[in-house]
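Protein sequences appear in the order of chains V and F. Residue numbers for the first sequence follow the numbering used here, beginning at 312 and rising by one. Residue numbers for the second sequence follow the numbering used here, beginning at 312 and rising by one. Notes for the one structure printed next.
There are 2 protein chains.
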Amino acid sequence: MTEPNGGPAVWQGGTVWLTGLPSAGKTTLALGLAERLRADGHRVQVLDGDELRAALSAELGFSKEDRDTNVRRVGYVAGLLAAHGVTVLAPVIAPYAVSRAAVRDLHAARGVPYLEVHVATSVETCADRDVKGLYAKQAAGDLRGLTGVDDPYEAPVDPDLRLATEELTVEESIQRLRALLTERGLS
Amino acid sequence: MTEPNGGPAVWQGGTVWLTGLPSAGKTTLALGLAERLRADGHRVQVLDGDELRAALSAELGFSKEDRDTNVRRVGYVAGLLAAHGVTVLAPVIAPYAVSRAAVRDLHAARGVPYLEVHVATSVETCADRDVKGLYAKQAAGDLRGLTGVDDPYEAPVDPDLRLATEELTVEESIQRLRALLTERGLS
Numbered sequence: 312m313t314e315p316n317g318g319p320a321v322w323q324g325g326t327v328w329l330t331g332l333p334s335a336g337k338t339t340l341a342l343g344l345a346e347r348l349r350a351d352g353h354r355v356q357v358l359d360g361d362e363l364r365a366a367l368s369a370e371l372g373f374s375k376e377d378r379d380t381n382v383r384r385v386g387y388v389a390g391l392l393a394a395h396g397v398t399v400l401a402p403v404i405a406p407y408a409v410s411r412a413a414v415r416d417l418h419a420a421r422g423v424p425y426l427e428v429h430v431a432t433s434v435e436t437c438a439d440r441d442v443k444g445l446y447a448k449q450a451a452g453d454l455r456g457l458t459g460v461d462d463p464y465e466a467p468v469d470p471d472l473r474l475a476t477e478e479l480t481v482e483e484s485i486q487r488l489r490a491l492l493t494e495r496g497l498s
Numbered sequence: 312m313t314e315p316n317g318g319p320a321v322w323q324g325g326t327v328w329l330t331g332l333p334s335a336g337k338t339t340l341a342l343g344l345a346e347r348l349r350a351d352g353h354r355v356q357v358l359d360g361d362e363l364r365a366a367l368s369a370e371l372g373f374s375k376e377d378r379d380t381n382v383r384r385v386g387y388v389a390g391l392l393a394a395h396g397v398t399v400l401a402p403v404i405a406p407y408a409v410s411r412a413a414v415r416d417l418h419a420a421r422g423v424p425y426l427e428v429h430v431a432t433s434v435e436t437c438a439d440r441d442v443k444g445l446y447a448k449q450a451a452g453d454l455r456g457l458t459g460v461d462d463p464y465e466a467p468v469d470p471d472l473r474l475a476t477e478e479l480t481v482e483e484s485i486q487r488l489r490a491l492l493t494e495r496g497l498s
C-alpha cells in the first residue's frame, strides 16, 4: 500500500487482540508479528498486559469486575492509537467474553478495525512452559485466581482467527496472522 | 514539512499539556488549535479530561494521590500517541507540579517532545465563566475540593508558554500556541 508517488506508506490502523491463557504464546507472537510489520513500514504498538496494568490499573485486582475494567482500559487506549493509523497488538489474557465484546464495540464506534485472535494453547502445554512461574505458584498454593486453572477463561466462540499453536511453529502462526491482516486490509 | 515528492506530510508528534483552573479556557484553546493543526494535515488527538477520567480512572476521586494517578495515566496515553506522530493536546487541570514533572519525564524517556502551557486565567474570571457550574456549587456548599478555591493549584513556575488569557483574544492565544509548536519543530 505504498503511495504511488513513492512517499511513505500509509497504513490503515487497527487492533489485533491476542487472547489466551498465561504462557499461551501471546506475547511471543505479538513481538514476532510486530517486527515483520515494522519492517514493512507499519507503525506498530504492542500493548503489553503487565505494563498496561502498571500504567493504567495499578489499583485493580483480579476479580471479574477488575479484570473487565482493565481490559476495557487497554481497549480504550488501543482504539485511540488504532484510530491514528497504528497497528496495535494486544497480547492480553482478557478472559471474559463480555469484556472482549465491549472492546470490539468501542472499536466499531470509532470505525476502527478490531480483530480477535485466540491463541489456543492447552492449559497443559501452558503449565509446562510456565514462562512466569504462575502455574507452579498456583500448584504450590501460593497463588489463587490463575486464569484457566482456578479462574475462568471463556474461550472465544467465533474469533477472527484461532491459532492451534501446538500444531504450528511460531513462524507458521505469524504467517497466519499476517494473512489475516492482509485479508482485512490492514497489511 | 510536506514530503518533497508530494506524499503525505509527516509531522513530529508531541504532547502539549494545557494546565489551568476549571473554566480557564483550556478546552476552548485545545479545540481551536486542534482544528488548525488538522487543517494542516496533522494527526491530532485532544485528550479531554472528563472523558479520560471516565475511561481510565473511574474509581479515582480528587485527593492529591488520586489526581496524581489520573494525570500520570493521561500522560502515559499521551506519550504513546505522541510517539506515533500524533500531536496530543491535553486540556487537563493537573494541579500538582510533581504530577506534571512525572509526565514530562515520561515523555523524555520516550524521546518525545512535551510542552507545558499554563492557561493563566484568574480564579475570579474562571468563577465568572463557570462553564460547568462548579464554582457556583462550591459557593453553595454542594461541592468541596474545587481546584483554585478550596483545593490546591500549583501554577507552573517555568512553563514553555504562559497565556495571560484575560489580555488576549482566543485567536491570539491560538496564534501563540502555533508559534510555540513551530519554534519547537512540531508544526
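From the three backbone atoms N, C-alpha and C, an ideal C-beta is built for every residue, glycine too. Small disclaimer: the values here were computed from a predicted structure and weren't measured.
Take residue i and list the residues in its own chain whose beta-carbon comes closer than 6 Å to its own, dropping the five residues that flank it on each side.
| i | result |
| --- | --- |
| Leu488/F | Leu344 |
| Ile404/V | Thr458 |
| Val355/V | Ala345, Leu348, Arg349, Thr398 |
| Asp377/F | Leu371 |
| Asp531/V | What the structure shows of chain V is the stretch from 312 to 498, and residue 531/V is not part of that stretch, so it cannot be assessed. |
| Ile485/V | Gly343, Leu344 |
List, in chain order, every chain F residue whose beta-carbon is nearer than 8 Å to that of residue i.
| i | result |
| --- | --- |
| Tyr464/V | Result: empty, since nearest Cβ-Cβ is about 25 Å, beyond 8 Å. |
| His353/V | By Cβ distance, chain F contributes nothing, its closest Cβ being about 11 Å from His353/V, past 8 Å. |
Along chain V, in chain order, which residues have C-beta atoms closer than 9 Å to that of residue i?
| i | result |
| --- | --- |
| Glu370/F | Glu370, Leu371, Thr380 |
| Gln356/F | Leu391, Ala394, His395 |
For residue i, count neighbouring Cβ atoms within 10 angstroms of its own Cβ and tell me buried if that reaches 16, exposed if not.
| i | result |
| --- | --- |
| Thr451/F | Residue identity check: residue 451/F is Ala in the sequence provided, not Thr. Looking at its Cβ environment, which holds fewer than 16 other Cβ atoms inside 10 Å, Ala451/F is exposed. |
| Ser374/F | exposed |
| Lys337/F | buried |
| Thr326/F | buried |
| Ala350/F | exposed |
| Asp359/V | buried |
| Val397/V | buried |
| Gly390/F | buried |
| Thr380/F | buried |
| Ala420/V | exposed |
| Pro406/V | buried |
| Val399/V | buried |
| Val468/V | exposed |
| Thr330/V | buried |
Near residue i, what residues of its chain come up, given a Cβ to Cβ distance below 7 Å and the 5 sequence neighbours on each side ignored?
| i | result |
| --- | --- |
| Asp471/F | Leu426, Glu427, Val428, Leu491 |
| Leu265/F | There is no way to answer for residue 265/F, as the model of chain F reaches only from 312 to 498. |
| Asp441/V | Ser334, Ala447 |
| Pro315/V | The pLDDT assigned to Pro315/V is 38, lower than 50, so where the model puts this residue is not dependable; a value taken from the coordinates is nonetheless given after this. Answer for Pro315/V: no residue qualifies. |
Taking a contact to mean a Cβ-Cβ separation below 8 Å, would you say residue i touches residue j in this structure?
| i | j | result |
| --- | --- | --- |
| Ala431/F | Leu363/F | no |
| Gly459/V | Leu348/V | no |
| His395/V | His353/F | no |
| Val414/V | Trp322/V | no |
| Tyr387/V | Ala366/F | yes |
| Glu357/F | Pro402/F | It should be noted that the sequence gives Val, not Glu, for residue 357/F. Yes, they are a contact pair. |
| Thr436/F | Glu477/F | yes |
For a contact meaning CB atoms closer than 8 Å, what does residue i contact in chain V?
| i | result |
| --- | --- |
| Tyr387/F | Ala366, Leu367 |
| Leu384/F | Before going on, a small fix: residue 384/F reads as Arg here, not Leu. Within chain V, the residues near Arg384/F are Ala366, Leu367. |
Going along the chain, which residues of its own chain have a beta-carbon closer than 8 Å to the beta-carbon of residue i, five neighbours each way excluded?
| i | result |
| --- | --- |
| Gly318/F | Low confidence applies to Gly318/F: its pLDDT is 41, below 50, so where it sits in the model is not reliable, and the reading given next is rough at best. Around Gly318/F: no qualifying Cβ. |
| Val481/F | Gly336, Thr339, Leu340, Gly343 |
| Pro424/V | Gln323, Gly324, Gly325, Thr326, Ala393, His418, Arg495, Gly496, Leu497 |
| Val382/F | Val403, Ala405, Tyr407, Ser410, Arg411, Ala413, Val414 |
| Gly384/V | Reading off the sequence, residue 384/V comes out as Arg, not Gly. Excluding residues within five positions, the ones whose Cβ falls inside 8 Å are Leu363, Leu367, Ser368. |
| Leu479/V | Arg487 |
Of all Cβ atoms in chain A, is any one closer than 8 Å to the Cβ of residue i?
| i | result |
| --- | --- |
| Trp328/V | No chain A appears in this structure, whose protein chains are V and F. |
Across the stretch 406-415 of chain V and the stretch 356-374 of chain F, are there enough close Cβ pairs to call them in contact, namely three or more that are closer than 8 Å? no
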